[in-house]
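2 protein chains.
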Amino acid sequence: MTALPPGSTVGVLGGGQLGRMLCKAAARMGFQSVVLTPEADSPAAQVASRTLVAAYDDLDALAELAAMADVITYEFENLPAAPVREVLERRGAVVRPSTRALEVAQDRAEEKAFLRSAGVPVADYGVVDTAADVEAGLERLGAPALLKTRREGYDGKGQVWVKAPGEGRAALAALSHRPAVLEARVAFVRELSVIAARGVDGATAVFPLGENRHEDGILRRTLAPAEVSPETEAAARAVAVRLLEGLNYVGVLAVELFELADGALIVNEIAPRVHNSGHWTLDACVTDQFQQHLRAICGWPLGSPAAIARAEMINLIGEEVDRWRDFAADPHARLHLYGKREARPGRKMGHVTRVWPL
Amino acid sequence: MTALPPGSTVGVLGGGQLGRMLCKAAARMGFQSVVLTPEADSPAAQVASRTLVAAYDDLDALAELAAMADVITYEFENLPAAPVREVLERRGAVVRPSTRALEVAQDRAEEKAFLRSAGVPVADYGVVDTAADVEAGLERLGAPALLKTRREGYDGKGQVWVKAPGEGRAALAALSHRPAVLEARVAFVRELSVIAARGVDGATAVFPLGENRHEDGILRRTLAPAEVSPETEAAARAVAVRLLEGLNYVGVLAVELFELADGALIVNEIAPRVHNSGHWTLDACVTDQFQQHLRAICGWPLGSPAAIARAEMINLIGEEVDRWRDFAADPHARLHLYGKREARPGRKMGHVTRVWPL
Chain A
3 MTALPPGSTV GVLGGGQLGR MLCKAAARMG FQSVVLTPEA DSPAAQVASR TLVAAYDDLD
63 ALAELAAMAD VITYEFENLP AAPVREVLER RGAVVRPSTR ALEVAQDRAE EKAFLRSAGV
123 PVADYGVVDT AADVEAGLER LGAPALLKTR REGYDGKGQV WVKAPGEGRA ALAALSHRPA
183 VLEARVAFVR ELSVIAARGV DGATAVFPLG ENRHEDGILR RTLAPAEVSP ETEAAARAVA
243 VRLLEGLNYV GVLAVELFEL ADGALIVNEI APRVHNSGHW TLDACVTDQF QQHLRAICGW
303 PLGSPAAIAR AEMINLIGEE VDRWRDFAAD PHARLHLYGK REARPGRKMG HVTRVWPL
Chain B
3 MTALPPGSTV GVLGGGQLGR MLCKAAARMG FQSVVLTPEA DSPAAQVASR TLVAAYDDLD
63 ALAELAAMAD VITYEFENLP AAPVREVLER RGAVVRPSTR ALEVAQDRAE EKAFLRSAGV
123 PVADYGVVDT AADVEAGLER LGAPALLKTR REGYDGKGQV WVKAPGEGRA ALAALSHRPA
183 VLEARVAFVR ELSVIAARGV DGATAVFPLG ENRHEDGILR RTLAPAEVSP ETEAAARAVA
243 VRLLEGLNYV GVLAVELFEL ADGALIVNEI APRVHNSGHW TLDACVTDQF QQHLRAICGW
303 PLGSPAAIAR AEMINLIGEE VDRWRDFAAD PHARLHLYGK REARPGRKMG HVTRVWPL
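If you read the protein sequences in the order shown, they are chains A and B.
So the first sequence is numbered by this note's numbering: it starts at 3 and just counts up by one.
So the second sequence is numbered by this note's numbering: it starts at 3 and just counts up by one.
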């Protein structure tokens with residue numbers, strides 16, 4: 003495909019802050035945007051050229067989206083892949099990243115099998131359907147181990163530690179007996195992430211690593227570029243490129259990593275989309291992750307991912323958004339708010355990036 | 003007034019690229035935006051939360067805007083000031099900058115009288131209604147002199163050189179006999195501009211100077227921060243602050259300057275709004291001009307106007323926008339397109355900013 007010219011329309015499945023920032027990047031590049039979201043008053047709708055308010059499996063709405071958009075992307079991986087594939091891809095709509103990436107990323111068992119097949123390091127794990135599977139897994143992996151639903155977990159939801167043998171039944175009950183995976187505990191010293199992109203032409207571009215701090219399963223802050231050894235940086239880049247190529251991927255991919263005491267890396271999970279831990283690129287890189295994603299899916303050359311500043315990205319969660327006054331008065335701070343009306347606990351309301359010279 | 007909280011609504015009169023970039027800045031700060039524009043498919047509407055398509059003197063539409071918006075601003079100065087004042091200000095709507103700034107900036111005779119009263123240097127001039135006024139002016143100011151309509155000139159439109167005595171009648175005819183001013187020729191060596199802001203609290207912030215190159219009356223490129231002597235920089239800053247204070251101004255003000263061979267400055271004209279020659283701030287300053295304008299009109303503290311990079315901003319005019327492929331492939335270039343469907347000659351379709359370390 004040749005590059006989509008300015009004036010083309012980008013379709014986005016999902017109306018949250020990631021969709022919002024994708025629409026803004028699309029506008030800057032001269033694209034129209036159309037968002038499909040079930041939310042009546044979504045963050046993305048406030049900046050999109052058009053919005054279709056409908057469920058993700060509303061076949062008519064998907065068909066309308068396919069008719070309007072020259073390329074379609076998504077802001078989160080927990081979409082129903084079947085309607086996306088059947089309605090969009092079968093109608094000849096261009097969906098990027100492909101539904102293959104969606105299917106891999108939305109099922110932890112599929113994801114881990116793919117990661118292993120791609121030859122990247124992952125924590126040892128087992129697939130779980132019954133309490134007996136949990137007990138057998140504990141025996142093999144050791145306790146404690148982390149039980150995670152195969153589907154629909156995010157921000158620390160859908161997971162529970164199994165601390166000792168005999169707790170399998172209770173742990174599965176806590177996850178409503180959904181299909182799960184049991185992961186060996188990883189004694190990591192630090193959480194890192196690498197955001198990378200692959201273009202239609204197969205070119206890849208990898209952003210500098212970010213160091214992430216989570217609390218209660220939610221990302222609190224990212225420090226970037228992360229201070230890592232050249233070997234760790236190179237290993238992370240190699241993992242990202244291997245995964246991009248293994249999925250024949252087009253767009254931005256996020257890879258969450260655990261760094262072990264010896265500097266070795268384990269892949270925790272991947273997200274086939276722009277990612278919270280890449281928000282710092284908006285204020286501190288030549289090309290930000292949203293623009294890079296648009297460039298990739300629209301067949302443009304990738305931009306330079308080089309950092310032009312050092313950044314600390316802090317998520318504003320729930321009522322923390324009320325601190326906007328403090329950040330507005332901080333000359334180092336660049337504030338990004340998402341236009342959400344209600345500051346519910348745990349809800350990502352905005353972020354702030356503090357920037358210093360490299 | 004205390005600072006408007008995120009979630010408040012900013013009204014924008016005007017739907018062009020400046021309105022578009024104001025709406026995007028509003029979104030980033032968590033504000034809703036509503037645009038009033040006569041254009042059915044405007045650049046700003048593509049990113050605004052809401053759009054009212056109506057004439058600027060449509061009293062019902064202005065009343066609706068006043069009801070929706072917590073603060074109202076404008077993207078260009080050639081608005082009918084009377085309805086804005088009568089409908090908006092009399093209804094208690096907060097209009098920033100005030101209609102006083104609008105009235106001063108939209109009439110060259112008023113503007114020059116204000117500039118003189120503020121004690122800033124301007125070219126000698128005379129007010130013109132008849133051909134006899136032109137001839138008298140030529141005698142006093144010397145030929146050639148520049149005849150400009152008092153109202154509605156922009157991008158070099160509405161002005162004509164009067165080269166010799168006796169040409170007054172033809173020159174006025176070329177401007178359709180509209181009221182005008184005749185300006186003495188200024189032997190400038192360089193065109194500069196200074197973009198500055200004043201907050202509700204009276205604080206001011208001045209961006210580094212830009213050096214501007216025009217062709218056929220249209221801005222082609224801005225180099226910034228301009229290489230000027232410390233004295234010239236200080237003089238420009240003093241002019242900007244004097245004008246902001248003289249107008250009791252709130253928002254971003256642009257001041258176009260001529261630099262003479264000895265480094266002295268002459269004020270050419272002012273614009274009570276964000277300005278094309280300040281677009282470079284989007285990619286190369288801690289706070290960009292659009293965000294600064296929003297901060298000011300919403301009662302927030304002003305942000306730092308410091309440059310973090312050196313920039314060259316190039317306007318993409320008419321079919322030059324077709325060069326987007328070249329700029330997309332240039333790793334130094336940050337491309338901004340305006341979503342205009344038709345590339346008419348002379349129409350500003352987008353801009354590109356090339357960025358280097360300071």
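Where is the CB? At the ideal position from N, CA and C, for every residue including glycine.
- [ ] Count the other CB atoms, across all protein chains shown, that sit within 10 Å of the CB of Ala-35 (chain A); report buried if there are 16 or more and exposed otherwise.
- [x] Sequence inspection shows Ser at residue 35 (chain A); the Ala mentioned does not correspond to that position. Classified as buried, Ser-35 (chain A) has 16 or more neighbouring CB atoms from the shown chains inside 10 Å of its CB.
Task: Test: Ser-44 (chain A) CB closer than 9 Å to a CB of chain B - done: Chain B contact via Cβ: absent.
Open item on the list: Taking only three categories from DSSP, how would you classify Phe-33 (chain B)?
Closed with: The three-state secondary structure of Phe-33 (chain B), taken from DSSP, is coil.
Open item on the list: Helix, strand or coil, according to DSSP, for Glu-185 (chain A) in the structure here?
Closed with: Strand, per DSSP.
Task: Val-196 (chain A) and Leu-262 (chain A) closer than 9 Å at C-beta - done: Cβ atoms of Val-196 (chain A) and Leu-262 (chain A): not closer than 9 Å.
Task: Proximity below 9 Å, CB of Ala-256 (chain A) to CB of Asp-285 (chain A) - done: In this structure, Asp-285 (chain A) does not lie closer than 9 Å to Ala-256 (chain A) by Cβ.
TODO: Would you mind telling me which residues of chain B sit closer than 7 Å to Met-31 (chain A), beta carbon to beta carbon, in chain order?
DONE: Identification of chain B residues near Met-31 (chain A) by a Cβ-Cβ cut-off of 7 Å yields Leu-337 and Leu-339, ordered along the chain.
Task: Against chain A: residues of the stretch 144 to 167 of chain B by CB proximity under 8 Å - done: Going along the stretch 144 to 167 of chain B in chain order, one finds no residue with a Cβ nearer than 8 Å to chain A.
TODO: Please name the residue, chosen from A:Cys-300, A:Ser-119 and A:Gly-265, that lies closest to Gly-201 (chain A) on a Cα-to-Cα basis.
DONE: Considering only alpha carbons, the answer is A:Cys-300.
Task: Per-residue contacts from Lys-350 (chain A) into chain B (C-beta, under 9 Å) - done: Those within 9 Å of Lys-350 (chain A) in chain B number zero; the least Cβ separation is about 13 Å.
- [ ] Return the chain-ordered list of same chain residues with a C-beta closer than 7 Å to the C-beta of Glu-79 (chain A), the five sequence neighbours on each side being excluded.
- [x] Close CB contacts of Glu-79 (chain A) within its chain, under the 7 Å cut and outside five residues either way in sequence, are with Leu-104, Ala-107, Gln-108, Ala-273, Pro-274 and Arg-275 (chain order).
Open item on the list: Could you give the first and the last residue of the continuous beta strand (DSSP E) run that contains Leu-262 (chain A)?
Closed with: Membership of Leu-262 (chain A) in the beta strand (DSSP E) is indicated by the continuous run 253 to 262.
Open item on the list: Going by C-alpha to C-alpha distance, which of A:Ile-74, A:Ala-68, A:Pro-347 and A:Glu-113 sits closest to Gly-320 (chain A)?
Closed with: It is A:Pro-347 whose Cα lies nearest to the Cα of Gly-320 (chain A).
Task: Same chain, Cβ closer than 6 Å to Leu-58 (chain B), neighbours up to 5 away in sequence not counted - done: Residue identity differs from the one stated: residue 58 (chain B) is Tyr in this sequence, not Leu. Answer for Tyr-58 (chain B): Leu-81 and Pro-82, listed in chain order.
TODO: Output the residue ranges of the beta strand (DSSP E) runs that lie fully inside the stretch 107 to 173 of chain A and measure 3 residues or longer, sorted by chain position.
DONE: Entirely contained in the stretch 107 to 173 of chain A, the beta strand (DSSP E) runs reaching 3 residues are, in chain order, 127 to 130, 147 to 151 and 161 to 164.
Open item on the list: Cβ closer than 8 Å: which chain B residues qualify as neighbours of Lys-114 (chain A)?
Closed with: By Cβ distance, chain B contributes nothing, its closest Cβ being about 36 Å from Lys-114 (chain A), past 8 Å.
Task: 8 Å CB neighbourhood of Met-70 (chain A) in its chain, flanking five on each side removed - done: Result list for Met-70 (chain A): Thr-11, Gly-13, Val-36 and Arg-52, in chain order.
TODO: Quick one: give me the first and last residue of the beta strand (DSSP E) that Glu-213 (chain A) is part of.
DONE: In this chain, the beta strand (DSSP E) harbouring Glu-213 (chain A) covers 212 to 217.
TODO: Compute the Euclidean distance between the alpha carbons of Leu-177 (chain A) and Ala-298 (chain A), then round it to the nearest angstrom.
DONE: So the two alpha carbons sit approximately 37 Å from each other.
Task: Test item: CB-CB of Leu-194 (chain B) and Ala-27 (chain B) under 9 Å - done: For Leu-194 (chain B) and Ala-27 (chain B), no; Cβs fall outside 9 Å.
Open item on the list: Nearest by alpha-carbon distance to Asp-371 (chain A): which of A:Ala-133, A:Ala-134, A:Leu-149 and A:Gly-21 is it?
Closed with: Absent from the structure is residue 371 (chain A), since the part of chain A shown begins at 3 and ends at 360.
- [ ] Would you kindly work out how many angstroms separate the C-alpha atoms of Arg-118 (chain A) and Met-31 (chain A), rounded to a whole number?
- [x] Between Arg-118 (chain A) and Met-31 (chain A), the C-alpha separation is close to 37 Å.
Task: Option in B:Thr-75, B:Gly-121 and B:Glu-112 with minimal Cα separation from Arg-244 (chain B) - done: With respect to the C-alpha of Arg-244 (chain B), the residue from B:Thr-75, B:Gly-121 and B:Glu-112 having the closest C-alpha is B:Gly-121.
- [ ] List the DSSP bridge partners of Glu-314 (chain B).
- [x] Partner(s): B:Leu-225 and B:Arg-356.
- [ ] Indicate whether Arg-98 (chain B) and Val-252 (chain B) have their beta-carbon atoms separated by less than 9 Å.
- [x] Against a cut-off of 9 Å, the Cβ pair of Val-252 (chain B) and Arg-98 (chain B) comes out as a contact.
TODO: Could you say which of A:Leu-267, A:Pro-123, A:Ala-242 and A:His-179 lies nearest to Arg-192 (chain A) if we only look at CA atoms?
DONE: Out of A:Leu-267, A:Pro-123, A:Ala-242 and A:His-179, A:Leu-267 has the C-alpha closest to the C-alpha of Arg-192 (chain A).
Open item on the list: What does the alpha-carbon distance come out to for the pair Val-230 (chain A) and Gly-265 (chain A)?
Closed with: Going by C-alpha positions, Val-230 (chain A) is about 9 Å away from Gly-265 (chain A).
Task: Any C-beta of chain A under 9 Å from that of Val-49 (chain B) - done: Yes, contact with chain A.
Open item on the list: By the three-class DSSP mapping on this structure, what secondary structure does Thr-234 (chain A) have?
Closed with: Note: Thr-234 (chain A) maps to helix in three-state DSSP.
Open item on the list: Run through the DSSP bridge pairs and tell me what Leu-20 (chain A) is partnered with.
Closed with: Looking at the DSSP assignment, Leu-20 (chain A) forms no beta bridge with any residue, so it has no partner.
Open item on the list: Between Pro-227 (chain A) and chain D, is the shortest Cβ-Cβ distance under 9 Å, so that the two count as touching?
Closed with: Among the protein chains in the structure shown, which are A and B, there is no chain D.
Open item on the list: Let me confirm a value: Thr-4 (chain B) is counted as buried when at least 16 other C-beta atoms fall within 10 Å, else exposed. Which label applies?
Closed with: By the neighbour-count criterion, in which a residue is buried when 16 or more other Cβ atoms sit within 10 angstroms of its Cβ, Thr-4 (chain B) is exposed.
Task: Contact list for the stretch 294 to 306 of chain A against chain B, Cβ threshold 8 Å - done: Here the close residues are Arg-297, Trp-302, Pro-303, Gly-305 and Ser-306.
Open item on the list: Under 9 Å, Cβ to Cβ, is there at least one residue of chain A near Ser-119 (chain B)?
Closed with: Under the 9 Å criterion on CB atoms, Ser-119 (chain B) is classed as non-interfacial with respect to chain A.
Open item on the list: Can you confirm whether Trp-326 (chain B), when its beta carbon is compared against all beta carbons of chain A, has any partner nearer than 9 Å?
Closed with: Judged by the 9 Å Cβ criterion, Trp-326 (chain B) is in contact with chain A.
- [ ] Confirm the yes/no value for this check: CB of Ala-46 (chain A), any heavy atom of the ligand PLP, distance under 8 Å.
- [x] Absent from the structure shown: the ligand PLP. Ligands present: none.
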